[in-house]
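Chains as they are written, first to last, in the working numbering: chain S, 19 to 206; chain D, 111 to 405.
All C-beta atoms in this analysis are idealised placements derived from N, C-alpha and C, irrespective of residue type, glycine included.
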């Protein structure tokens with residue numbers, strides 16, 4: 019898409035898709051890296067802050083995730099339009115690791131992610147957020163709470179079961195059902 | 111996924127959120143390794159989680175975080191072969207149509223769950239640079255050793271030369287003292303004679319034929335007229351040999367004079383030495399009369 023001439027005759031960074039920016043990052047283009055940061059730092063930071071509840075720790079996760087992009091952009095290129103989703107999940111996993119005081123449990127590029135959403139586009143990203151929040155709001159309270167405890171608080175199904183008094187199977191089903199509802203809302 | 115008895119979609123969801131125990135995680139990973147359906151489902155779940163993550167209340171990170179990141183990025187500048195992006199994009203396109211797979215930096219498309227076994231993803235530069243480093247280190251060590259030996263050899267040579275120089279310097283100093291003493295115009299020169307005889311003009315030549323070295327000292331010489339000079343001659347011992355000029359000289363106010371090491375050919379045996387008066391600048395052949403002569 020963009021040849022040796024780099025950004026000459028190319029669209030402004032805001033209009034470039036993630037794959038193009040990642041290709042530039044792979045060539046060592048720092049401005050492309052800045053563009054990716056401007057595009058996704060808010061989501062990554064917000065997820066980290068939600069999990070860790072500590073701004074300094076969330077900043078560390080933010081730095082760590084984006085430096086991983088800089089060091090190994092090829093691990094993200096396959097995500098194409100779902101880079102934003104990928105980063106959100108990676109930010110969550112890194113934050114959970116930090117919460118557990120353990121080393122990162124997976125390489126960023128170990129994770130395959132299927133997504134039809136183009137999170138590179140800010141308008142589409144905002145639309146997705148609103149829609150996802152709406153879906154979550156409509157979930158049964160138990161499902162919503164269980165998914166939140168698992169995803170944002172990093173509690174295992176056993177811990178959730180112990181805290182809520184629900185059977186293990188019920189906890190697992192609630193998590194799965196909540197995710198299924200979310201998927202349905204975005205595939206119909 | 112429903113056909114699988116042990117590993118369910120619920121397990122995959124927990125696996126995706128890293129909420130399973132170590133044993134359960136290994137069990138699910140083993141299952142994923144053999145089931146493309148399971149991998150596809152896991153990718154779908156990750157997509158669901160990505161959407162769910164976006165329900166979080168948004169907060170902007172502090173401005174200095176961006177600054178810190180870009181400084182770190184600048185510190186870790188990298189050089190990438192120009193053809194890599196094209197290859198990467200091609201591989202990305204392939205991976206995109208094959209759910210559950212990703213492509214590595216080396217270009218291979220692999221299932222996402224096995225990539226941790228391929229953790230060290232290094233390009234050609236990443237593979238070669240460490241060896242270059244070791245090669246440089248080995249070369250440096252070799253060079254250092256060679257330099258050390260050369261330095262030791264040079265130190266020995268310098269020591270020997272310094273000793274020689276010291277000796278030569280001492281010799282030169284002694285020779286200089288001899289020369290200075292013989293040629294010093296203020297030196298006291300005394301001709302010792304028997305009884306109360308009047309000193310007469312005389313000269314003493316010391317000659318080494320094999321080396322062509324000559325020292326001539328004269329005393330009590332008569333003063334010369336302006337434009338005139340004394341000239342010393344070497345008379346060869348060989349038959350028919352012409353006198354060889356051995357230097358000109360003028361006496362000081364006390365009648366003393368010397369000729370030290372004039373340029374002479376080596377190996378010329380001398381039969382006699384003589385002194386004549388010549389025009390200033392010397393002559394090619396002696397002019398009569400001979401003022402001083404000696405055999």
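Scanning 324/D, 359/D, 245/D for the CA closest to the CA of residue 372/D turns up 324/D. Under DSSP, residue 242/D forms no beta bridge with any residue. CA-to-CA, the gap between residue 345/D and residue 272/D works out to about 43 Å. Look at the beta carbons and you see the stretch 312–327 of chain D touching the stretch 361–379 of chain D: at least three pairs across the two are nearer than 8 Å. Here the alpha carbons of residue 180/D and residue 241/D stand approximately 30 Å from one another. DSSP places residue 327/D outside any alpha helix (DSSP H); the residue lies instead in the beta strand (DSSP E), whose first and last residues are 323–329. Residues of the stretch 117–145 of chain D with a C-beta atom less than 7 Å from some C-beta of chain S are 119, 120, 123, 124, 127, 128, 129, listed in chain order.
The stretch 187–200 of chain S makes no contact with the stretch 80–90 of chain S, as fewer than three CB pairs between them are under 8 Å. Residue 265/D is outside the set of residues whose beta carbon lies under 8 Å from a beta carbon in chain S. The three-state reading of DSSP puts residue 118/D in coil, since its state is none of H, G, I, E or B. Setting aside the 5 residues that flank it on each side, residue 162/S is surrounded in the same chain by 154, 196, each with a C-beta closer than 7 Å to its C-beta; the list follows chain order. Listed as beta-bridge partners of residue 38/S by DSSP are no residues whatsoever.
With the criterion set as a beta carbon lying under 9 Å from some beta carbon of chain S, the members of the stretch 165–185 of chain D are 165, 166, 167, 168, 169, 170, 171, 172, 174, 175, 176, 178, 179, 180, 182, 183, 184, in sequence order.
Distance from the CA of residue 295/D to the CA of residue 392/D, rounded to the nearest whole angstrom, comes to 22 Å. Under the Cβ criterion of 8 Å, residue 162/D is counted among the residues facing chain S. The stretch 149–158 of chain D makes no contact with the stretch 49–65 of chain S: fewer than 3 CB pairs, one atom from each, lie closer than 8 Å.
In the assembly as shown, residue 111/S is a buried residue. Its beta-carbon has 16 or more other beta-carbons within 10 Å. When secondary structure is reduced to three states using DSSP, residue 334/D falls in the coil class, being assigned neither helix nor strand. With respect to chain S, the C-beta atom of residue 239/D has no partner C-beta closer than 8 Å.
Proximity of the stretch 168–178 of chain D to the stretch 124–143 of chain D falls short of the contact definition, fewer than three beta-carbon pairs being nearer than 8 Å.
Taking the C-beta atoms as reference points, residue 66/S is found nearer than 8 Å to residue 113/S.
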